[in-house]
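Protein sequence lines correspond, in order, to chains R and F.
Count the first sequence with my numbering and you get residues 149 to 469, in order.
Count the second sequence with my numbering and you get residues 55 to 323, in order.
Notes to accompany the following structure.
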Amino acid sequence: MGIPYKKLLLYGLTALVISYLIPTFFLKNKYYINLLNLIGIYIIITTGLNIITGYCGQINIGQGGFCAIGAYTTALFTLHITTSLPVLLVASIVVTGLVGLLVGISCLRLAGTYIAMTTLGFGAIVEVILFGWEKLTRGSDGLRDIPYPKIVGSLALGGEEDLLYVISLITIVLLLFAYNVVNSRLGRAFMAIRDDQLAANLSGINVPRYKLYAFIMCACYGGIGGCLYLFSAKCIFPEVFGLDFSILSLMMMVLGGMGSIMGGVLGAALLTVSFELLRPLKEYQMVVYGILIVIIAIFIPKGLLGVGMDAFSFVTRRLQK
Amino acid sequence: MNSRHMSEPPILETKDLSMHFGGLKALDKINFQVARGCIKAIIGPNGSGKTTLFNIITGAHQPSSGRVSFEGADITSLPGFKIVSSGIARTFQNIRLFPQMTVLANVMVGNHSRMKGGLWASGVRWRGISAEEQRCEEKAIRMLELVGFTGDLKMKSSGLPYGSQRLVELARALSAEPRLIVLDEPTAGMNTTETMAMLPTIRKLRDLGITVLLIEHNMRLVMGVAESIMVLNGGQKIAEGSPEEIWNDQRVVEAYLGKRDPRYKVACS
């Protein structure tokens with residue numbers, strides 16, 4: 149027992165190898181590299197959402213708001229102040245973390261659906277502000293022509309491939325961080341709050357404090373996702389991270405499996421790919437996803453990963469007999 | 055090991071503790087003490103304020119007036135989680151486990167207040183975190199053994215049978231390393247075998263140096279295990295003393311069975 153270092157190392161190495169192998173195969177095809185970038189970004193965003201909603205039980209329908217703030221912070225910093233990637237990451241983490249703290253504080257005394265309403269409102273407010281504050285955000289024109297950032301000194305990213313390495317590395321680091329957190333004292337506190345707040349309080353957990361931790365973590369992951377998205381898309385508009393996106397990220401989490409980091413990863417990867425495959429359907433895509441989420445919520449609340457794990461343990465138990 | 059001197063200050067003490075819900079006096083000026091290292095029971099008919107008293111002691115409710123002090127320190131206005139870290143843990147009348155978490159995780163949550171790892175340290179597995187996790191897990195397993203839990207540690211706690219859930223809850227409370235454990239009807243809903251198995255467990259806690267305060271309806275258990283009993287009725291303390299004294303106390307009998315009508319004296323006797 150204890151901490152499965154070997155397992156973690158295995159996950160990390162596999163992911164690294166995959167992310168380095170794939171571009172060498174598809175090097176000529178920027179479409180696939182962009183798709184992989186997008187998957188990494190969505191994995192980060194979904195993981196953040198999983199912390200607050202899957203683990204801590206606070207329904208967040210405003211994840212897009214955090215992503216938008218992260219993306220716009222990065223864009224404004226890049227255009228006006230610096231293009232150094234570490235600085236940009238730190239800036240988006242700090243800004244979204246603070247916003248996450250504020251949203252968390254306003255949700256502290258609320259329960260269940262009221263938190264969903266508050267976060268929904270937060271996402272909508274962010275979108276309206278981004279549309280309206282034209283001096284800063286140029287409104288619906290968006291911020292365009294964002295250059296690739298520099299890593300250190302004058303070493304700049306050269307293109308999608310370089311960005312893929314950066315995104316893969318950050319994704320793995322953030323996944324390991326989240327994995328460690330949910331398998332520690334904090335993760336247990338989150339889950340205890342999700343399951344029974346009163347019992348959590350009377351078991352020695354400072355409930356408001358850990359709710360805020362979860363909110364801040366969720367917001368920072370969203371912010372980092374937004375920051376990386378900006379460099380992948382090279383432009384940002386207010387409606388990119390609107391309500392549609394918030395719901396999409398919820399769907400990724402629910403599809404893969406709520407309350408499971410790897411479930412979120414699976415959901416994010418699957419939905420990103422299927423989003424591309426179903427592109428011919430245009431706006432009717434949302435109909436497909438809407439039906440999908442209802443079916444999953446009713447028939448497989450554990451998500452695909454949960455079902456897969458059940459099937460796996462069923463088969464292994466059968467084989468042992 | 056558990057030498058008890060009358061001169062030693064009580065571990066828990068309430069002063070004029072009152073709790074009003076609107077016009078209802080759920081508790082009315084309760085004064086009582088729990089001596090360190092003893093097993094004390096609170097009994098009383100339904101609605102007499104036992105659970106309310108427990109909720110106030112453990113910080114789930116704020117009293118309307120009065121004071122609770124634990125080991126000499128005032129804990130009346132402390133939030134529940136701080137009371138746990140100051141050394142009081144509890145179980146619930148209607149079991150409150152974390153249903154989606156495994157048995158082991160449930161018990162490990164109990165140890166929360168004794169652990170240090172913060173967000174950063176946990177996230178990057180900073181020095182000592184892994185060892186702390188390991189210790190917490192070993193401790194949880196020890197506590198489950200102590201209360202006599204035999205079953206799958208990796209199972210979701212909602213899938214356990216009722217009696218086992220009670221044991222897990224007790225183990226969770228013990229993980230908090232309490233000096234006073236507050237048990238709200240530890241055998242409610244248990245069958246006779248399970249109830250009788252609880253008796254030595256409660257004594258074992260006392261022998262470990264943990265003071266036990268319990269609410270119990272099962273008189274056989276109370277008379278068998280408690281060293282001191284307080285009786286509540288309608289929010290007031292009507293008697294306090296050793297099991298023998300309580301057994302023979304006229305007011306207690308009246309509270310449970312009602313007054314004997316003198317007109318039917320012949321028929322009753």
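Built from N, CA and C at the ideal position, the CB exists for glycine as well.
Report task. Tell me whether the beta-carbon of E151 (chain F) lies closer than 8 Å to the beta-carbon of S218 (chain F). Result -> To locate residue 151 (chain F), count along the second sequence from 1; it is residue 97. To locate residue 218 (chain F), count along the second sequence from 1; it is residue 164. Note that residue 151 (chain F) is Leu in the sequence shown here, rather than Glu. Cβ atoms of L151 (chain F) and S218 (chain F): not closer than 8 Å.
Query raised in the report: Under 8 Å Cβ-Cβ, which residues of chain R neighbour A230 (chain F)?
Result: What you label residue 230 (chain F) is simply residue 176 of the second sequence in a count that begins at 1. Here the neighbours are S351, G352.
Requested in this report: Within its chain, find whatever has a CB closer than 7 Å to the CB of S118 (chain F); leave out the 5 residues flanking it on each side and keep chain order.
Outcome: Stepping through the second sequence from its first residue, residue 118 (chain F) is reached at position 64. Here the set comprises S72, M73, H74.
Requested in this report: Look up I277 (chain R) in the DSSP assignment and say whether it is helix, strand or coil.
Outcome: Translated into positions along the first sequence, residue 277 (chain R) becomes position 129. DSSP places I277 (chain R) within a helical segment (H, G or I) once states are collapsed to three.
Query raised in the report: Thinking C-beta only, is V285 (chain F) closer than 8 Å to V307 (chain F)?
Result: Position 253 of the second sequence, counted from the first residue, corresponds to residue 307 (chain F). Position 231 of the second sequence, counted from the first residue, corresponds to residue 285 (chain F). Judged by their CB atoms, V307 (chain F) and V285 (chain F) are not nearer to each other than the 8 Å cut-off.
Report task. Compare the C-beta of C322 (chain F) against all C-beta atoms of chain R and say whether one is closer than 8 Å. Result -> Within the second sequence, residue 322 (chain F) is the residue found at index 268, counting from 1. No answer about C322 (chain F) holds up, because its pLDDT of 47 lies below 50 and its placement is not dependable.
Query raised in the report: Which residues mark the beginning and the end of the alpha helix (DSSP H) in which F474 (chain R) is found?
Result: Here chain R covers residues 149 to 469 and nothing more, so residue 474 (chain R) does not appear.
Requested in this report: Note down the Cα distance separating A304 (chain R) from G245 (chain R), rounded to an integer number of angstroms.
Outcome: For the purposes of this step, residue 304 (chain R) is taken as residue 156 along the first sequence, with counting starting at 1. For the purposes of this step, residue 245 (chain R) is taken as residue 97 along the first sequence, with counting starting at 1. Spanning the two alpha carbons is a distance of roughly 27 Å.
Query raised in the report: Which residues, taken in chain order from the region 102-123 of chain F, show a beta carbon closer than 8 Å to some beta carbon of chain R?
Result: Near chain R, meaning a CB-to-CB distance below 8 Å, the residues of the region 102-123 of chain F are T112, G113, A114.
Requested in this report: Kindly indicate the opening and closing residues of the alpha helix (DSSP H) around M284 (chain F).
Outcome: For the purposes of this step, residue 284 (chain F) is identified with residue 230 of the second sequence, where counting begins at 1. Run containing M284 (chain F): none in the alpha helix (DSSP H); it sits in the beta strand (DSSP E), 282-287.
Query raised in the report: Does M401 (chain R) get closer than 8 Å to chain F when you measure Cβ to Cβ?
Result: Within the first sequence, residue 401 (chain R) is the residue found at index 253, counting from 1. Answer no: the Cβ-Cβ gap between M401 (chain R) and chain F never drops below 8 Å.
Query raised in the report: Looking at C-alpha atoms only, which residue of F:M197, F:P232, F:G312, F:G177 is the closest neighbour of L267 (chain F)?
Result: Along the second sequence, one-based indexing puts residue 267 (chain F) at 213. For the set F:M197, F:P232, F:G312, F:G177, the Cα lying nearest the Cα of L267 (chain F) is the one of F:P232.
Query - Segment contact flag, the region 338-352 of chain R with the region 201-213 of chain R, C-beta cutoff 8 Å, min 3 pairs - result: Enough Cβ pairs lie closer than 8 Å, so yes.
**Report entry** Closer than 8 Å at the beta carbon, the chain R residues around A159 (chain F)
**Finding:** Numbered from its first residue, the second sequence carries residue 159 (chain F) at position 105. Correct list: R336, M339.
Query raised in the report: Within 8 Å (strictly less), CB to CB, does V201 (chain F) reach chain R?
Result: The count along the second sequence starts at 1 and reaches residue 201 (chain F) at position 147. For V201 (chain F), the answer is no, since every Cβ of chain R falls outside 8 Å of its Cβ.
Query raised in the report: Is there a Cβ from chain R that is less than 8 Å from the Cβ of I183 (chain F)?
Result: Within the second sequence, numbered from 1, the residue matching residue 183 (chain F) stands at position 129. Yes, because at least one Cβ of chain R sits closer than 8 Å to the Cβ of I183 (chain F).
Query raised in the report: Distance, Cα to Cα, G451 (chain R) vs N331 (chain R)?
Result: Walking along the first sequence from the start, residue 451 (chain R) turns up at place 303. Walking along the first sequence from the start, residue 331 (chain R) turns up at place 183. Going by the C-alpha atoms only, they are around 20 Å apart.
Report task. Could you run through the region 240-272 of chain R and flag, in chain order, every residue whose CB is less than 9 Å away from some CB of chain F? Result -> From the region 240-272 of chain R, no residue has a Cβ closer than 9 Å to chain F.
Query - Touching by the beta-carbon criterion (3+ pairs, under 8 Å), the region 79-97 of chain F and the region 438-457 of chain R - result: Look at the beta carbons and you see the region 79-97 of chain F not touching the region 438-457 of chain R: under three pairs across the two are nearer than 8 Å.
**Report entry** Length at least 4, wholly inside the region 347-428 of chain R: the alpha helix (DSSP H) runs in chain order
**Finding:** The region 347-428 of chain R contains, as complete alpha helix (DSSP H) runs of 4+ residues, the segments 355-381, 391-404, 409-425 (chain order).
Requested in this report: Output yes or no for whether 8 Å exceeds the beta carbon distance between N328 (chain R) and V178 (chain F).
Outcome: Counted from its first residue, the first sequence places residue 328 (chain R) at position 180. Counted from its first residue, the second sequence places residue 178 (chain F) at position 124. Taking the C-beta atoms as reference points, V178 (chain F) is found nearer than 8 Å to N328 (chain R).
Query raised in the report: Does L253 (chain F) have its Cβ less than 8 Å from a Cβ in chain R?
Result: Stepping through the second sequence from its first residue, residue 253 (chain F) is reached at position 199. Not closer than 8 Å to any Cβ of chain R, the Cβ of L253 (chain F) fails to qualify, so no.
Requested in this report: Select from F:S139, F:T249, F:I111, F:L200 the residue whose C-alpha is nearest the C-alpha of T130 (chain F).
Outcome: Looking up residue 130 (chain F) in the second sequence gives position 76. If we check each option's Cα against that of T130 (chain F), F:I111 comes out closest.
Query - chain F within 8 Å of S332 (chain R), Cβ atoms only - result: By 1-based counting over the first sequence, the position of residue 332 (chain R) is 184. Chain F contact via Cβ: present.
Report task. Determine the direct distance from the alpha carbon of G248 (chain R) to that of G371 (chain R), and round the result to whole angstroms. Result -> The count along the first sequence starts at 1 and reaches residue 371 (chain R) at position 223. The count along the first sequence starts at 1 and reaches residue 248 (chain R) at position 100. Cα to Cα, G371 (chain R) sits roughly 10 Å from G248 (chain R).
Query raised in the report: For the region 228-315 of chain F, which segments carrying the alpha helix (DSSP H) assignment without a break, of at least 4 residues, lie completely within its bounds, in sequence order?
Result: Qualifying alpha helix (DSSP H) stretches, in chain order: 246-261, 273-279, 297-301, 304-311.
Requested in this report: Mind listing, in chain order, the continuous beta strand (DSSP E) runs of no fewer than 3 residues lying wholly within the region 80-160 of chain F?
Outcome: DSSP runs (the beta strand (DSSP E)) wholly in the region 80-160 of chain F: 93-97, 119-124, 142-144.
Query raised in the report: In its own chain, which residues sit with a C-beta less than 6 Å from the C-beta of V242 (chain R), not counting the 5 before and 5 after it?
Result: Residue 242 (chain R) sits at position 94 when you count from the first residue of the first sequence. Cβ neighbours of V242 (chain R) beyond the five flanking positions: none.
Query - Close Cβ partners of S123 (chain F) (< 6 Å) along its chain, the five nearest in sequence each way excluded - result: Taking the second sequence and counting its residues from 1, one reaches residue 123 (chain F) at position 69. Short of 6 Å from the beta carbon of S123 (chain F), and not among the five residues preceding or following it, lie these beta carbons of its own chain, in chain order: E67.
Report task. Verify the CB distance criterion: does S176 (chain F) have a CB-CB separation below 8 Å to chain R? Result -> By one-based count along the second sequence, residue 176 (chain F) stands at place 122. Chain R, which has a Cβ nearer than 8 Å to the Cβ of S176 (chain F), makes this yes.
Query - Cross-chain neighbours of F325 (chain R) in chain F, by beta carbon under 8 Å - result: Here residue 325 (chain R) corresponds to residue number 177 of the first sequence, with the count starting at 1. G177, V178, listed in chain order.
Query - Endpoints, beta strand (DSSP E) assigned at T68 (chain F) - result: Position 14 of the second sequence holds residue 68 (chain F). The continuous beta strand (DSSP E) containing T68 (chain F) extends over residues 66-75.
Query - Beta carbon of Q147 (chain F) nearer than 8 Å to that of D238 (chain F) - result: Taking the first residue of the second sequence as 1, we reach residue 147 (chain F) at position 93. Taking the first residue of the second sequence as 1, we reach residue 238 (chain F) at position 184. Judged by beta-carbon spacing, D238 (chain F) lies within the 8 Å limit of Q147 (chain F), meaning their Cβ atoms are closer than that value.
Query - Endpoints, alpha helix (DSSP H) assigned at I187 (chain R) - result: Within the first sequence, numbered from 1, the residue matching residue 187 (chain R) stands at position 39. Segment 178-197, the alpha helix (DSSP H) holding I187 (chain R).
Query raised in the report: Mind checking V436 (chain R): buried by the 16 CB within 10 Å criterion, or exposed?
Result: Within the first sequence, numbered from 1, the residue matching residue 436 (chain R) stands at position 288. It counts as exposed.
Query raised in the report: For chain F, is any of its Cβ atoms less than 8 Å away from the one on N198 (chain R)?
Result: Within the first sequence, the letter at position 50 stands for residue 198 (chain R). Cβ-Cβ to chain F under 8 Å: no for N198 (chain R).
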